[in-house]
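Trainee: Below is one structure. I have some questions about it.
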Amino acid sequence: MPVVVFHLVEQRHPDAAVGVLLERACALFAEVLETPVARVRAFAQTYPAHRVAVGGSLVSDGATEAPFFQFALLAGRPEEQRRRLLAGFTDLIVEILGADRSLVRGGIWTVAPEDWTIGGATAADLRADEIRARVEGAAG
Numbered sequence: 002m003p004v005v006v007f008h009l010v011e012q013r014h015p016d017a018a019v020g021v022l023l024e025r026a027c028a029l030f031a032e033v034l035e036t037p038v039a040r041v042r043a044f045a046q047t048y049p050a051h052r053v054a055v056g057g058s059l060v061s062d063g064a065t066e067a068p069f070f071q072f073a074l075l076a077g078r079p080e081e082q083r084r085r086l087l088a089g090f091t092d093l094i095v096e097i098l099g100a101d102r103s104l105v106r107g108g109i110w111t112v113a114p115e116d117w118t119i120g121g122a123t124a125a126d127l128r129a130d131e132i133r134a135r136v137e138g139a140a141g
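Letter by letter, the sequence shown follows residues 2 to 141 of this note's numbering.
Dropping the structure here:
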């Protein structure tokens, strides 16, 4: 379920650096949420500099890029995990892309398990199936 999207100005960062950002973001998600990395998705959405404004000025006119990220989590995740992800994604942007920490913004999009689908089944149903399988496995 974990999904993160980084919003960046195009042609400001080498593809290799953006790739490292995506790979490390997946690893961070997997570690913090204690979930298999195969479940994690990370995307870099880029925009032309003339389509991004920071502080009321276009980046194409000299405004400094201010990366933004957003990530989806199923509702009910502990605050400690949410805080670690907010700080961790910020740290990755600063470390890998060289962004000014004070300009990085990000947020969480929480989704009710019954409103998220994985392969066409709701996360609520899949979670119930996993719990039922664990209980049956422990009893057997």
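A virtual CB, placed ideally from N, CA and C, is assigned to each residue, including glycine. None of these values were measured; they are calculated from a predicted model.
1. Please state whether DSSP places residue 38 in a helix, a strand or coil.
2. CB-CB under 7 Å to residue 14, same chain, minus the five flanking residues each way: which ones, in chain order?
3. Rounded to whole angstroms, what is the Cα-Cα separation between residue 36 and residue 138?
4. Does residue 77 come out as helix, strand or coil in the three-state DSSP assignment?
5. Suppose contacts are defined by Cβ-Cβ distances below 7 Å. Is residue 91 in contact with residue 105 by that definition?
6. If residue 109 and residue 83 are in contact, beta carbons under 8 Å, what's the gap, nearest whole angstrom?
7. For a test of the three-state rule: what should DSSP assign to residue 54, helix, strand or coil?
8. Look at the Cβ atom of residue 64, then the Cβ atom of residue 58, and state whether they are nearer than 7 Å.
9. Assign residue 60 to one of three DSSP states: helix, strand, or coil.
10. Which residue comes first and which comes last in the beta strand (DSSP E) that contains residue 111?
11. Take residue 42 as the anchor and find which of 16, 118, 140, 24 has the nearest alpha-carbon.
12. Check residue 82 in the structure and name its three-state DSSP category.
13. In angstroms with no decimal places, state the Cα-to-Cα distance between residue 71 and residue 50.
14. Classify residue 79: buried if its beta carbon has 16 or more other beta carbons within 10 angstroms, exposed otherwise.
Mentor: Answer, in terms of the structure:
1. Against the sequence shown, residue 38 aligns to sequence position 37. If DSSP states are grouped into helix, strand and coil, residue 38 belongs with the helices.
2. As a first step, residue 14 is located in the sequence shown; it is residue number 13 there, counting from the start. Correct list, in chain order: 98.
3. Stepping through the sequence shown from its first residue, residue 36 is reached at position 35. Stepping through the sequence shown from its first residue, residue 138 is reached at position 137. So the alpha carbons of these two residues sit roughly 20 Å apart.
4. Here residue 77 corresponds to residue number 76 of the sequence shown, with the count starting at 1. The answer is coil: DSSP assigns residue 77 none of H, G, I, E or B.
5. Position 90 of the sequence shown holds residue 91. Position 104 of the sequence shown holds residue 105. Against a cut-off of 7 Å, the Cβ pair of residue 105 and residue 91 comes out as a contact.
6. On the sequence shown, residue 109 is found 108 positions in, with the first residue counted as 1. On the sequence shown, residue 83 is found 82 positions in, with the first residue counted as 1. The Cβ separation is near 6 Å, so the contact holds.
7. As a working note, residue 54 is residue 53 in the sequence shown. The answer is strand: DSSP assigns residue 54 an E or B state.
8. In the sequence shown, residue 64 corresponds to position 63, counting from 1. In the sequence shown, residue 58 corresponds to position 57, counting from 1. Contact flag set, yes.
9. By 1-based counting over the sequence shown, the position of residue 60 is 59. In the structure shown, residue 60 sits in a helix (DSSP, three-state: H, G or I).
10. Here residue 111 is taken as the residue at index 110 of the sequence shown, counted from 1. Here the beta strand (DSSP E) through residue 111 covers 106-112.
11. If you number the sequence shown from 1, residue 42 lands on position 41. For residue 42, the nearest C-alpha among the options comes from 24.
12. Your numbering for residue 82 matches position 81 in the sequence shown. Helix at residue 82.
13. Within the sequence shown, numbered from 1, the residue matching residue 71 stands at position 70. Within the sequence shown, numbered from 1, the residue matching residue 50 stands at position 49. Using only the alpha carbons, I get a separation of about 20 Å.
14. The count along the sequence shown starts at 1 and reaches residue 79 at position 78. Its Cβ having fewer than 16 others within 10 Å, residue 79 is exposed.
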